[in-house]
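Trainee: This is the structure, below, for whatever I ask next.
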Amino acid sequence: MIAPLLIEAAITGPMRRSPGRTLLAVLAIALGVALGLAIYLINRSAADEISLAARSLYGLADLVVEGGADGFDENLYPRIARVPGVAVASPVVEVEAKIVGRRGPLTLLGMDGFKSKLLQPAFAAAVVGGGAEEERSGGASEDAEPENQFNDRSLLLSASAARELQLSPGDFVEFQVGVKRERLRVSGVLPPAALQDFAGVVDIATAQWVFERLGKVSRINLRLATGSSPEQVKAALADMLPSTVRVTTPGQATDDALRLSRAYRSNLTALALVALFTGGFFVYSTQSLAALRRRREFAVMHAIGVTRTEQLILMLSGSVIVGVLGAVLGIVLGVMIARIGLSALGADLGAGYFRGLAPGLNVHIVEVAVFSLLGIGVAVAGALRPALDAARVPTASALKAGDIASGEVRPHGWMVLTLGVLAAIAVSLPPIAGLPLPGFVAIALFLIGCVVAMPSVVRFVLRHAPRWRRIPYEIAIAQIAGTARYATLSVSSIIVSFSLMASMAIMVTSFRDSLDQWTQKVLPADLYVRVGYVGQSSYLDESLARSMAQVPGVEHVEYNRLARVQLSADRPALALIARSLNRDHPDKTLWMMSTATNDIPAGAVPVWISEAASDLFAIEAGDEIRFELAGKQVVASVRGVWRDYEHQNGAIVMGRDEYVALTGDHAVNTVWFWLDNGADIGKVGNAIRDLLPPGIDYDMRTPGELRKMSLAAFDRTFAITYLLELVAVTIGLFGIAAGISAQVLARRSEFGALRHLGFTRGQVATMLAIEGSVLGALGVIVGLIAGTVISLILIYVVNRQSFHWSMDLSAPVGLLAGLSAALIAAAALIAVVSGRQAMGGEVVRAVKEDW
Numbered sequence: 000m001i002a003p004l005l006i007e008a009a010i011t012g013p014m015r016r017s018p019g020r021t022l023l024a025v026l027a028i029a030l031g032v033a034l035g036l037a038i039y040l041i042n043r044s045a046a047d048e049i050s051l052a053a054r055s056l057y058g059l060a061d062l063v064v065e066g067g068a069d070g071f072d073e074n075l076y077p078r079i080a081r082v083p084g085v086a087v088a089s090p091v092v093e094v095e096a097k098i099v100g101r102r103g104p105l106t107l108l109g110m111d112g113f114k115s116k117l118l119q120p121a122f123a124a125a126v127v128g129g130g131a132e133e134e135r136s137g138g139a140s141e142d143a144e145p146e147n148q149f150n151d152r153s154l155l156l157s158a159s160a161a162r163e164l165q166l167s168p169g170d171f172v173e174f175q176v177g178v179k180r181e182r183l184r185v186s187g188v189l190p191p192a193a194l195q196d197f198a199g200v201v202d203i204a205t206a207q208w209v210f211e212r213l214g215k216v217s218r219i220n221l222r223l224a225t226g227s228s229p230e231q232v233k234a235a236l237a238d239m240l241p242s243t244v245r246v247t248t249p250g251q252a253t254d255d256a257l258r259l260s261r262a263y264r265s266n267l268t269a270l271a272l273v274a275l276f277t278g279g280f281f282v283y284s285t286q287s288l289a290a291l292r293r294r295r296e297f298a299v300m301h302a303i304g305v306t307r308t309e310q311l312i313l314m315l316s317g318s319v320i321v322g323v324l325g326a327v328l329g330i331v332l333g334v335m336i337a338r339i340g341l342s343a344l345g346a347d348l349g350a351g352y353f354r355g356l357a358p359g360l361n362v363h364i365v366e367v368a369v370f371s372l373l374g375i376g377v378a379v380a381g382a383l384r385p386a387l388d389a390a391r392v393p394t395a396s397a398l399k400a401g402d403i404a405s406g407e408v409r410p411h412g413w414m415v416l417t418l419g420v421l422a423a424i425a426v427s428l429p430p431i432a433g434l435p436l437p438g439f440v441a442i443a444l445f446l447i448g449c450v451v452a453m454p455s456v457v458r459f460v461l462r463h464a465p466r467w468r469r470i471p472y473e474i475a476i477a478q479i480a481g482t483a484r485y486a487t488l489s490v491s492s493i494i495v496s497f498s499l500m501a502s503m504a505i506m507v508t509s510f511r512d513s514l515d516q517w518t519q520k521v522l523p524a525d526l527y528v529r530v531g532y533v534g535q536s537s538y539l540d541e542s543l544a545r546s547m548a549q550v551p552g553v554e555h556v557e558y559n560r561l562a563r564v565q566l567s568a569d570r571p572a573l574a575l576i577a578r579s580l581n582r583d584h585p586d587k588t589l590w591m592m593s594t595a596t597n598d599i600p601a602g603a604v605p606v607w608i609s610e611a612a613s614d615l616f617a618i619e620a621g622d623e624i625r626f627e628l629a630g631k632q633v634v635a636s637v638r639g640v641w642r643d644y645e646h647q648n649g650a651i652v653m654g655r656d657e658y659v660a661l662t663g664d665h666a667v668n669t670v671w672f673w674l675d676n677g678a679d680i681g682k683v684g685n686a687i688r689d690l691l692p693p694g695i696d697y698d699m700r701t702p703g704e705l706r707k708m709s710l711a712a713f714d715r716t717f718a719i720t721y722l723l724e725l726v727a728v729t730i731g732l733f734g735i736a737a738g739i740s741a742q743v744l745a746r747r748s749e750f751g752a753l754r755h756l757g758f759t760r761g762q763v764a765t766m767l768a769i770e771g772s773v774l775g776a777l778g779v780i781v782g783l784i785a786g787t788v789i790s791l792i793l794i795y796v797v798n799r800q801s802f803h804w805s806m807d808l809s810a811p812v813g814l815l816a817g818l819s820a821a822l823i824a825a826a827a828l829i830a831v832v833s834g835r836q837a838m839g840g841e842v843v844r845a846v847k848e849d850w
């Protein structure tokens with residue numbers, strides 16, 4: 000049993016004597032827990048909302064027959080409905096409908112009112128019968144006729160769509176189909192439980208007729224008869240379905256919806272936990288310094304009968320208290336940050352993944368417990384090694400004067416080598432479940448190796464330090480050499496925090512600069528007009544697009560058409576970009592990463608695929624691929640792989656002439672304009688606007704405007720990483736403050752002796768400034784080197800495995816130089832300020848402390 004007096008002497012007393020360092024340790028843990036919990040809560044809230052939205056599309060369906068990018072022939076519907084074991088088959092036509100006056104599309108679900116009510120009872124009363132009143136009275140009968148809530152020009156909106164569009168029953172919505180405007184009346188708003196997505200429901204005939212989907216359905220939701228085997232039904236369906244149509248379950252479809260944003264959410268959570276990881280090193284350095292400073296105190300405790308096990312428990316108990324306080328504060332801050340983040344930035348924190356989602360924040364007790372234990376565990380793990388070292392110190396040697404600051408410097412060469420080898424192995428491993436987990440493990444192992452290697456680094460630097468015959472400088476170098484253990488511990492948190500900050504800064508700068516160069520490469524024209532995007536209902540007629548080429552001042556134009564194509568039924572569709580293209584010189588408008596050297600096989604269509612498509616489908620330049628386009632099987636030869644930052648799921652570029660020949664689709668989404676020398680771009684733009692039908696939505700942009708928009712979207716997406724960098728630097732400053740101040744304040748007797756020998760306060764301050772600068776410079780230099788290596792892992796491993804994008808290395812030299820200078824200056828300033836505090840008492844009294 001540990002006596003209360005001993006607890007006061009070993010735990011609470013030291014905390015009260017060093018309130019600043021205790022507070023910084025608590026704040027370091029709290030910041031890590033808060034950021035990790037906040038990002039997790041926001042991501043989980045978004046994922047829950049996506050799951051609910053995706054699941055609400057299928058209702059009570061047991062199986063789903065899904066088509067490719069263009070859907071599949073509706074003549075399959077009666078055959079599927081007659082398959083043994085199928086009780087209900089409900090066809091759905093899904094349209095990305097362009098709303099006039101709004102940038103993003105509204106997902107419209109064309110459904111059969113009678114069939115859908117058997118699978119989706121949550122909105123059956125609103126679709127068939129008398130709406131909410133009828134739902135309260137027990138619902139409509141199966142034989143009821145549809146009322147005007149679901150006629151050929153009516154629209155039922157989800158609650159989230161009605162809220163965001165600010166529409167009520169009776170209002171009208173105008174959609175753009177091609178360059179025509181189609182008007183639908185809002186006949187009702189579905190209850191939130193019925194449809195979670197930013198979407199609306201129309202009659203299936205309306206979807207096919209108004210939005211030009213005649214003869215096509217997107218999927219068929221199936222409810223199986225009682226006792227039927229899903230596997231037998233799937234096998235029967237597989238025999239009759241074409242290769243581009245798959246049979247899946249609603250759960251798998253929901254997973255597909257989550258997979259689109261999983262890499263982003265996982266990487267963001269990992270980066271948020273960087274703060275907690277850094278906080279653990281901060282606790283390690285402060286506890287190690289405290290253990291060295293209190294060695295004589297521990298020796299006295301041993302002398303009065305405290306066992307080494309009890310001492311270990313006492314030290315770890317202090318860390319548990321720090322962890323508990325940090326975890327409690329972190330949980331409160333994390334929930335607050337999550338609420339503010341959802342309100343201000345949305346579920347995607349500005350990245351644009353979850354537009355239209357407005358999830359609420361629900362905090363589960365299990366999540367609070369996990370992050371609390373994580374914070375406490377990090378605090379204990381940081382203190383474990385110092386506690387074990389302190390418990391092993393011989394009592395006699397610890398009681399000797401002067402031993403308080405000594406500490407054997409051991410190089411740990413084999414440990415550093417082992418950690419380096421393990422990191423190299425981890426970085427070469429493939430992703431796990433599509434996530435770059437081995438890459439993050441490699442970063443952690445490398446950082447630990449850097450901290451373990453610091454004694455050797457300090458010894459090497461001091462051995463080769465330049466000699467300068469100035470007494471303060473010589474004493475400062477001798478002091479660092481004599482307390483090398485202290486020096487190593489003081490800079491460890493600086494190394495971890497600054498290296499992570501530098502690596503993120505290099506990664507973000509590399510990505511931003513590569514994006515900037517990419518936009519300049521792929522936007523060679525002088526002016527662009529776009530109507531609609533991939534899968535949307537709006538487009539330009541070819542005749543209208545060609546008339547634009549006759550505008551005075553236009554030298555020539557090129558066209559592209561955006562569509563979707565399915566390479567595999569088990570993977571999301573790829574964007575198909577059919578455009579005017581110089582087949583012999585695609586590098587004029589595409590950033591080519593590799594090109595094919597073989598000839599195009601007879602009968603094959605030349606295509607160029609993005610890096611994401613190359614990685615996801617294991618396709619290289621020169622390979623042959625097959626896909627269905629407009630009901631035809633296409634054999635294509637991959638002529639090259641190009642860099643693309645726009646389409647995360649991958650893209651294929653095809654010549655527009657080949658696309659038109661295969662599909663008969665002459666529609667145009669984007670017109671590229673090259674202007675005559677000296678042409679007034681404003682007058683050309685006005686002339687083009689005069690040709691467009693009044694009231695249609697279009698985007699007319701110059702390359703400069705598109706570049707500015709792209710970089711603004713990038714900055715919004717990575718705004719959260721800038722916050723994480725700031726937190727890393729803040730914890731680094733905590734490390735500097737705690738480490739250097741602890742070392743300086745423990746040397747009051749040394750300062751007294753120096754004053755007796757004739758040193759002025761100015762000379763002592765100069766000596767301390769040199770010590771702080773040297774320690775700060777050591778941490779910054781090693782941190783920069785480590786940060787550069789980590790940035791290479793982030794750029795070439797983590798980023799490539801997560802998003803399948805490559806980028807060129809680019810460092811923010813000015814930013815890193817400024818931060819380096821600031822950290823070194825902060826180290827020097829903290830040392831001087833701490834020295835003034837240590838010299839505040841009487842010199843004689845300070846010297847007597849060591850008698």
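Taking numbering that gives the first Met the number 0, the leading residue of the sequence shown gets 0, the next gets one more, and so forth. We put the CB at the ideal spot given by N, CA and C, even for glycine. A quick note: this is a predicted structure, and the numbers were derived from the prediction, not measured.
#1: In whole angstroms, what separates the C-alpha of Ser217 from that of Leu117?
#2: With distances taken Cα to Cα, identify the nearest neighbour of Met239 among Val92, Thr417, Phe71 and Ile474.
#3: Report the three-state DSSP secondary structure of Thr765 (helix, strand or coil).
#4: Where Ile769 and Ala475 are concerned, what is the direct C-alpha to C-alpha distance, given to the nearest angstrom?
#5: Identify, in the order they occur along the chain, each residue of the same chain with its Cβ nearer than 6 Å to the Cβ of Gly649, setting aside the five sequence neighbours on each side.
#6: If we count the other Cβ atoms within 10 Å of its Cβ and call it buried at 16 or more, is Thr225 buried or exposed?
#7: Note down, one range per segment and in chain order, each beta strand (DSSP E) of at least 3 residues found wholly within the region 626-674.
#8: Do you know how far the Cα of Met547 is from the Cα of Asp111?
#9: Spell out the partners DSSP gives Met239 in its beta bridges.
#10: Is it a yes or a no for the region 787-794 touching the region 495-513, going by three-plus beta-carbon pairs under 8 Å?
#11: For Gly777, name the three-state secondary structure that DSSP assigns.
#12: Using three-state DSSP, classify His803 as helix, strand or coil.
#13: Starting from the C-beta of Thr765, find all residues in its chain whose C-beta is less than 7 Å away, skip the five residues before and the five after it, and write them out in chain order.
#14: Could you check whether Thr662 and Met635 sit closer than 8 Å to each other, using their CB atoms as the reference points?
#15: Output the distance between the C-alpha atoms of Val369 and Pro437, rounded to the nearest integer angstrom.
#16: Among the candidates Asn597, Pro190, Ser537 and His803, whose CA atom is the shortest distance from the CA of Pro692?
#17: Using CA coordinates, which residue listed in Met591, Asp622, Ile364 and Asp714 is at the minimum distance from Val604?
#18: Measure the C-alpha to C-alpha separation of Phe171 and Ser157 and round it to an integer number of angstroms.
#19: What did DSSP end up calling Arg760 once you bin it into helix, strand or coil?
#20: Within 10 angstroms of the Cβ of Val209, are there 16 or more other Cβ atoms? Answer buried if so, exposed if not.
#21: My output table needs one value for Ala326: the three-state DSSP class, helix, strand or coil.
#22: Mind checking who Val85 pairs with in its DSSP beta bridge?
#23: Using CA atoms only, rank isn't needed, just tell me which of Arg638, Leu753, Ala234 and Gly109 is closest to Gly84.
#24: On the DSSP bridge assignment, give the partners of Glu173 in chain order.
#25: Using CA atoms only, rank isn't needed, just tell me which of Leu818, Gly654 and Gln519 is closest to Leu732.
#26: What is the DSSP secondary structure of Phe113, counted as helix, strand or coil?
#27: Given a cut-off of 8 Å on the beta-carbon distance, is the pair Leu341 and Ser44 in contact?
#28: Assign Ile219 to buried or exposed, taking buried as 16 or more other Cβ atoms, counted over all protein chains shown, within 10 Å of its Cβ.
#29: Near Leu267, which residues of its chain fall below 8 Å by C-beta distance, leaving aside the five closest residues on each side in sequence?
#30: Let me check understanding here. Comparing Cα to Cα, which of Gln519, Leu543, Asp656 and Arg545 lies closest to Asn581?
#31: Looking at Gly67: is its Cβ nearer than 8 Å to the Cβ of Glu627?
#32: Opposite Arg578 in the DSSP bridges: which residues?
#33: Per DSSP, Asp202 is paired with what?
#34: Can you grab the Cα-Cα spacing for the pair Leu522 / Met708, in whole Å?
#35: Using the C-alpha atoms, what's the distance from Ala269 back to Ile695?
#36: Is the separation between the beta-carbon of Ser455 and that of Leu774 shorter than 8 Å?
Mentor: To lay it out plainly:
#1: For the purposes of this step, residue 217 is taken as the residue at position 218 of the sequence shown. For the purposes of this step, residue 117 is taken as the residue at position 118 of the sequence shown. About 19 Å.
#2: Indexing the sequence shown from 1 puts residue 239 at position 240. Ranking Val92, Thr417, Phe71 and Ile474 by Cα distance to Met239 puts Phe71 first.
#3: Locating residue 765 in the sequence shown gives position 766, where the first residue counts as 1. Residue state, collapsed to three classes: helix.
#4: On the sequence shown, position 770 is the one that residue 769 refers to. On the sequence shown, position 476 is the one that residue 475 refers to. When rounded, the separation of the alpha-carbon atoms in Ile769 and Ala475 is 6 Å.
#5: The count along the sequence shown starts at 1 and reaches residue 649 at position 650. If we look at Gly649 and ignore the five residues flanking it on each side, its Cβ neighbours are Leu573, Ser609, Ala611, Ala612 and Leu615.
#6: On the sequence shown, position 226 is the one that residue 225 refers to. Exposed: under 16 other Cβ atoms inside 10 Å.
#7: For the region 626-674, whole beta strand (DSSP E) runs of length 3 or above, ordered along the chain, are 631-642, 650-654 and 669-674.
#8: Looking up residue 111 in the sequence shown gives position 112. Looking up residue 547 in the sequence shown gives position 548. Spanning the two alpha carbons is a distance of roughly 41 Å.
#9: For the purposes of this step, residue 239 is taken as the residue at position 240 of the sequence shown. According to DSSP, residue pairing for Met239 in a beta bridge does not occur.
#10: Yes, the region 787-794 is in contact with the region 495-513.
#11: Your numbering for residue 777 matches position 778 in the sequence shown. For clarity, residue 777 is Leu in the given sequence; the question names Gly instead. Looking at Leu777 - three-state DSSP - the assignment turns out to be helix.
#12: In the sequence shown, residue 803 corresponds to position 804, counting from 1. The DSSP-derived three-state label of His803 is coil.
#13: As a position in the sequence shown, residue 765 is number 766, starting the count at 1. So the qualifying residues of the chain are Pro471.
#14: Position 636 of the sequence shown, counting from 1, holds the residue named residue 635. Position 663 of the sequence shown, counting from 1, holds the residue named residue 662. Strictly speaking, residue 635 in this sequence is Ala, with Met absent from that position. The answer is no: Cβ separation not under 8 Å.
#15: Residue numbering aside, residue 369 sits at position 370 when the sequence shown is read from its first letter. Residue numbering aside, residue 437 sits at position 438 when the sequence shown is read from its first letter. Roughly 22 Å separates the two Cα atoms.
#16: If you number the sequence shown from 1, residue 692 lands on position 693. With distances taken between Cα atoms, Pro692 lies closest to Ser537.
#17: Taking the sequence shown and counting its residues from 1, the one referred to as residue 604 is at position 605. Considering only alpha carbons, the answer is Asp622.
#18: As a position in the sequence shown, residue 171 is number 172, starting the count at 1. As a position in the sequence shown, residue 157 is number 158, starting the count at 1. Rounded to whole angstroms, Phe171 to Ser157 spans 15 Å at the Cα level.
#19: If you number the sequence shown from 1, residue 760 lands on position 761. Residue state, collapsed to three classes: helix.
#20: For this step, residue 209 is matched to residue 210 along the sequence shown. By the 10 Å Cβ count, Val209 comes out buried.
#21: For the purposes of this step, residue 326 is taken as the residue at position 327 of the sequence shown. Here Ala326 sits in helix by DSSP.
#22: Sequence index remark: in the sequence shown, residue 85 carries index 86 (1-based). Paired residues: Leu223.
#23: The residue labelled residue 84 in the question sits at position 85 within the sequence shown. Residue Ala234 is the option with its Cα nearest to Gly84.
#24: Stepping through the sequence shown from its first residue, residue 173 is reached at position 174. Beta-bridge pairing links Glu173 to Arg182.
#25: Counting from 1 along the sequence shown, the entry for residue 732 is found at position 733. The shortest Cα separation from Leu732 among Leu818, Gly654 and Gln519 belongs to Leu818.
#26: Here the question's residue 113 lines up with position 114 in the sequence shown. In this structure, DSSP gives Phe113 a helical state, which the three-state scheme calls helix.
#27: As a position in the sequence shown, residue 341 is number 342, starting the count at 1. As a position in the sequence shown, residue 44 is number 45, starting the count at 1. Yes, Cβ-Cβ distance for Leu341 and Ser44 is below 8 Å.
#28: For this step, residue 219 is matched to residue 220 along the sequence shown. That one is buried.
#29: Start at 1 with the first residue of the sequence shown, and residue 267 comes out as number 268. Excluding positions up to five away in sequence, the list reads Ile38, Asn42, Leu348 and Ile719.
#30: To locate residue 581, count along the sequence shown from 1; it is residue 582. Here the closest residue by C-alpha is Asp656.
#31: Stepping through the sequence shown from its first residue, residue 67 is reached at position 68. Stepping through the sequence shown from its first residue, residue 627 is reached at position 628. Note that the C-beta distance between Gly67 and Glu627 is below 8 Å.
#32: On the sequence shown, residue 578 is found 579 positions in, with the first residue counted as 1. Answer is Asn559 and Gly654.
#33: Counting from one through the sequence shown, the residue named residue 202 turns up at place 203. Partner(s): Met110.
#34: As a position in the sequence shown, residue 522 is number 523, starting the count at 1. As a position in the sequence shown, residue 708 is number 709, starting the count at 1. In this model, Leu522 and Met708 are separated by some 13 Å (Cα to Cα).
#35: Translated into positions along the sequence shown, residue 695 becomes position 696. Translated into positions along the sequence shown, residue 269 becomes position 270. Linking Ile695 to Ala269 through their CA atoms gives a straight-line distance of about 44 Å.
#36: Reading the sequence shown from its first residue, position 456 is the one you call residue 455. Reading the sequence shown from its first residue, position 775 is the one you call residue 774. Taking 8 Å as the Cβ cut-off, Ser455 and Leu774 do not qualify as a contacting pair.
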